[in-house]
Amino acid sequence: MRVLPTERLMSGPDEGTPLPDSHAELPPVIRRTEFVAFALAGLLLIAVIAVLYFAKAFFLPVVMAVVAGTMLSPAATFLEKRRVPRAVGAVLIVAAVSAIVAFIFALIASPVMDWSSRLPQLAGQLKDKMHVFDRPLSLWRELQSMLGGSDGLPNFQLPKMEWVQPTLEFLSPTFAEFLLFFATLILFIASWRDLRRALIMTFAERDARLRTLRILNEIEVHLGNYLLTVTIINVGVGIAAGIVCAITGMPNPAGLGALAATLNFIPIIGPVAMFLILALVGVLTFPTIGGGLAAAIAFGGITFLEGHFVTPTIIGRRLALNALAVFVALAFWTWLWGPMGAFLSSPLLIVGLILKEHLLPENSPQLPEE
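Residue numbering for the sequence shown follows my numbering, beginning at 26 and increasing consecutively.
The following block contains the structure:
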């Protein structure tokens, strides 16, 4: 009798009876199609990141305008209900926001221009103040020489100012990027309703249209609430920082408060940069190191309370943001697009979480519990 390869014979009284195949004990196998799909998805992700990186001059203003337009579209809808044409409302909203931003930058620019004109004098003052660390540095050199160190610490020298111009070029977008941003922002707000309708009608099935409508509505609501909430919180931080600067005798407390409110829109990086700015201004202004650090230490307490209690309590009720996810998103978008990418990191993370909730619902296949 001929036996098929997939069959084997039993020994004993039932010899000659084939056993069915058993796959229960076979190890899991990654199919070639799955491997190819993962590889293609990885290559697509790398290609998208490369395009976003090298085409930053185009994609950054456009994405910034789309995110800002989504945040401001509820205001345009509010004006439209008051019989203001949407196109006119878009222009009015952009003009009002631009006026507020220009006023804030005017408050910041005045002390910055004053301090930049006195850079040589301020550098000399800072070098004189740093002599307070001569004794600890000499003790450190003696300790290293006793332990057999080589040359100890080098003499303290102020960094040169060649970094100022490249930094300003990195932080300041070009005129073309500004023009692209404002044009895209006005057109996006004015045509957002038509864009929503066109995107929803792209799908043929009713369930897909309803899902798209829910996603767009949730993104618009969450981003609008995020902008309003974060703006109120940051204005409060700026007012508190200005009051602290006025109490401690810092120069131009209004400008420093406006700078604190502006930098606080950038998570993690902004408060740290403001702390360093306050510490530097205080050390240059006051005769003692302790008096100069008073405003910076008080601002550190304000940002600690805001970051650990105020913001998580208010924003966390609307949309939970994991601290690790916020940090990774901040690091990635800052590396990709610089300071503006840092500003966009939280809104883009919110959009990603909303898409994940709707496209990967809880009733989809889940990992087994440990």
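We treat Cβ as the ideally placed atom computed from N, Cα and C, and that holds for glycine.
DSSP-derived helix/strand/coil call for residue i
i: N289; result: coil
i: L318; result: coil
i: F228; result: coil
i: T95; result: helix
i: P179; result: Because P179 carries a pLDDT of 49, less than 50, the predicted location of this residue cannot be relied on, and no value is offered for it.
i: P364; result: helix
i: R111; result: helix
i: A201; result: helix
i: P86; result: helix
i: A354; result: helix
i: F128; result: helix
i: R56; result: coil
i: S216; result: coil
i: P312; result: coil
i: L238; result: helix
i: L68; result: helix
i: W188; result: In this prediction, W188 has a pLDDT of 47, which is less than 50 and means its spatial position is unreliable; nothing more can be read from the coordinates.
i: L385; result: coil
i: A134; result: helix
i: A399; result: In the structure as shown, the chain starts at 26 and stops at 395, and residue 399 therefore has no counterpart that could be examined.
i: A120; result: helix
i: A80; result: coil
i: L193; result: Residue confidence is low: L193 scores 49 on pLDDT, short of 50, so the model does not pin down where it sits. No coordinate-derived value is stated.
Nearest residue (CA-CA) to residue i, options the options
i: L205; options: L374, A90, L373 and G363; result: A90
i: A127; options: T287, G332, P292 and T328; result: T287
i: T336; options: E382, L378, I264 and T254; result: T254
i: S123; options: G295, T95, L210 and L374; result: L210
i: H247; options: A229, G377 and I291; result: G377
i: T14; options: A121, G263 and L369; result: Nothing can be reported for residue 14: it is not among the residues displayed for the chain, which extend from 26 to 395.
i: I294; options: S216, A356 and R239; result: A356
i: A112; options: I74, L70, F213 and A80; result: F213
i: T273; options: A304, L373 and R108; result: A304
i: L349; options: S370, G366 and E331; result: S370
i: H383; options: L318, L235 and A62; result: L235
i: I129; options: G249, A283 and V353; result: A283
i: L252; options: T237, I375 and V297; result: I375
i: F334; options: P372, I258, A298 and P110; result: I258
i: D219; options: L238, D232 and E230; result: L238
i: I302; options: V137, V73 and R222; result: V137
i: M373; options: V92, L70, G67 and A66; result: Before going further, note that residue 373 is Leu rather than Met in the sequence given. Selected option, being the one with the closest Cα: V92.
i: P396; options: G316, I314 and L330; result: There is no way to answer for residue 396, as the model of the chain reaches only from 26 to 395.
i: T359; options: A64, L85 and L132; result: L85
i: T256; options: I225, L69, I125 and A215; result: I125
Same chain, Cβ closer than 7 Å to residue i, neighbours up to 5 away in sequence not counted
i: M275; result: L281, V306, G307, T310 and A320
i: G325; result: F300
i: Y78; result: L361
i: I379; result: I240, E243, I244 and H247
i: G249; result: M96 and P99
i: A271; result: P278
i: F207; result: V119
i: G114; result: A101, L104 and E105
i: V88; result: L369
Same chain only: Cβ atoms within 8 Å of residue i, ignoring 5 sequence neighbours per side
i: S135; result: N277 and G280
i: A82; result: T199, A201 and E202
i: K381; result: none
i: L318; result: A304, G307 and V308
i: L117; result: L104 and V109
Proximal residues to residue i (C-beta, below 6 Å), its chain only, five neighbours per side dropped
i: A323; result: V269
i: P184; result: For P184, the pLDDT reaches just 49, beneath the cut-off of 50, and the residue's location in the model is therefore unreliable, leaving the point undetermined.
i: A120; result: none
i: F352; result: none
i: W217; result: S98
i: I133; result: G280, A283 and L284
i: L385; result: none
Below-7 Å beta-carbon distance, residue i vs any chain C residue
i: N277; result: In the displayed structure, chain C is absent; only one protein chain is listed.
request  = Within the stretch 247 to 305, note down every full alpha helix (DSSP H) run reaching 4 residues or more, in order along the chain.
outcome  = 278 to 288
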